[in-house]
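The structure appears right after this line, and notes come after that.
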Amino acid sequence: MQDNTSPTVVITGASSGIGLGLAEAYLARGFNVVANARTDERLAAAAKQLGSPARFLGVAGDIGQRDTARQLIDRAVERFGQVDVLINNAGIFNAKPFVEYTEEELDRIVATNIKGFVYASQAAAAHMVPRRQGHIVNITASLALQPNLKVPALLPVLVKGGVNAATRALALELSPHNVKVNAVAPGIVDTPLYTPEMHGFLNGLAPAGRIAQVREIADAVLYLTNSDFTTGVVLPVDGGMSTGTW
Ligand SMILES: NC(=O)c1ccc[n+]([C@@H]2O[C@H](COP(=O)([O-])OP(=O)(O)OC[C@H]3O[C@@H](n4cnc5c(N)ncnc54)[C@H](OP(=O)(O)O)[C@@H]3O)[C@@H](O)[C@H]2O)c1
29 MQDNTSPTVV
39 ITGASSGIGL
49 GLAEAYLARG
59 FNVVANARTD
69 ERLAAAAKQL
79 GSPARFLGVA
89 GDIGQRDTAR
99 QLIDRAVERF
109 GQVDVLINNA
119 GIFNAKPFVE
129 YTEEELDRIV
139 ATNIKGFVYA
149 SQAAAAHMVP
159 RRQGHIVNIT
169 ASLALQPNLK
179 VPALLPVLVK
189 GGVNAATRAL
199 ALELSPHNVK
209 VNAVAPGIVD
219 TPLYTPEMHG
229 FLNGLAPAGR
239 IAQVREIADA
249 VLYLTNSDFT
259 TGVVLPVDGG
269 MSTGTW
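Every number in the working numbering is 28 more than the matching position in the sequence shown, counting from 1.
Below you can see the structure in the form of structure tokens.
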């Protein structure tokens, strides 16, 4: 059933981990959810996991391609009438010593994390600015605020740091149009990115002594998209990882 009365959130990278948790959190708050990931199969599995709600629409495609971003926003508007929130969540994280990164890894991370952010935000902003309302939230990483010697991750830090800077600049540019732009910078989150065997090591990376649950990241995103006067914020949700050394 189509629902043009409820608000609509578009989430990139919503087939697993944080993106899937965000889809669940927004569905629970009555939003229509438009979910992106690279394949129909993974989106169908996500829809099933969420209980196959009528307010869920999957739009498959590589977010590093401009056409995917356009389709994502166009299909959301076509089905639900408007886009109220865009969450740029799709991203690649690969930690390794700096000199070991390959050209292919650099191309892939730039395509997903930088081009994906630019294309999806452009398509969303073009829709939100004339309506004079909307929220964009970028999922970055607290490692970009405070690097950690135990987790060398130069490429993720490079692109997430760029998106943190762009969050503030875009918030400024879009503030006169009443479109808010913020970022949530997680520390380490319990997602399929990490095997249970890695949790012991990962728990020690935050002064809080544990990694985050997806629900805790979703809570921060929900706060930002519920706030009418918060923009340009990069909000660490990392158990204190980015506050200093310990
Ligand atoms: N987990 C952490 O500890 C952590 C910490 C800091 C920041 N983050 C950030 O949080 C975000 C989500 O991470 P996660 O841990 O939830 O990772 P994840 O479980 O691996 O999920 C990544 C999602 O992005 C999608 N994706 C990857 N490349 C894509 C592309 N080119 N086009 C469209 N979708 C694509 C994946 O879908 P398909 O594979 O189905 O296409 C998947 O749904 C990322 O930006 C990550 O950098 C995570």
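We put the beta carbon where it would ideally sit given N, CA and C, even for glycine.
query: Same chain, Cβ closer than 6 Å to L263, five either side skipped, listed in chain order; result: V212, A248
query: I216 in three-state terms, based on DSSP; result: coil
query: Extent of the continuous alpha helix (DSSP H) run through G190; result: 182–202
query: Any non-hydrogen atom of ligand 1 within 7 Å of P220 CB; result: yes
query: Range of the contiguous beta strand (DSSP E) that encloses F84; result: 84–88
query: Rounded C-alpha distance that separates E132 from W274; result: 35 Å
query: First and last residue of the uninterrupted alpha helix (DSSP H) at T253; result: 242–254
query: Enclosing beta strand (DSSP E) for I167 [first to last residue]; result: 162–167
query: Euclidean distance between Cα positions of L198 and S34; result: 26 Å
query: Sub-8 Å separation of I120 and N141 beta-carbons; result: yes
query: Bridge partner(s) assigned by DSSP for P264; result: A213
query: Whether H155 touches V87 by CB criterion (8 Å); result: no
query: Proximity test, Cβ basis, 8 Å: N176 and chain C; result: Absent from the structure is chain C; it holds one protein chain and no more.
query: M226, buried or exposed, once every other Cβ within 10 Å from all chains shown has been counted against 16; result: exposed
query: T271: CB within 7 Å of a non-hydrogen atom of ligand 1; result: no
query: Contact test: D256 Cβ vs ligand 2 heavy atom, cutoff 7 Å; result: Although ligand 2 was asked about, the structure shown includes only ligand 1 as ligands.
query: Buried versus exposed call for A151 [16 or more other C-beta atoms within 10 Å across all chains shown]; result: buried
query: Assigned secondary structure, N117 (DSSP; H/G/I helix, E/B strand, else coil); result: coil
query: Residues near V113 in its chain [Cβ-Cβ closer than 8 Å; skip 5 each side]; result: P35, T36, V37, V38, Y54, F59, G162, H163, I164, V165, T253
query: Cα-Cα separation between G109 and L173, rounded to whole angstroms; result: 37 Å
query: Limits of the beta strand (DSSP E) - the one that A63 falls within; result: 60–65
query: Reduced DSSP secondary structure (H/G/I, E/B, other) of M29; result: Reliability fails at M29, whose pLDDT of 48 lies under 50, so the model's placement of it is uncertain and the value that follows must be treated cautiously. Reduced to three states, the DSSP call for M29 is coil.
query: T223 classed as buried or exposed, judged by whether at least 16 other C-beta atoms fall within 10 angstroms; result: exposed
query: Range of the contiguous alpha helix (DSSP H) that encloses V275; result: As displayed, the chain neither begins before 29 nor continues past 274, which places residue 275 out of reach and without an answer.
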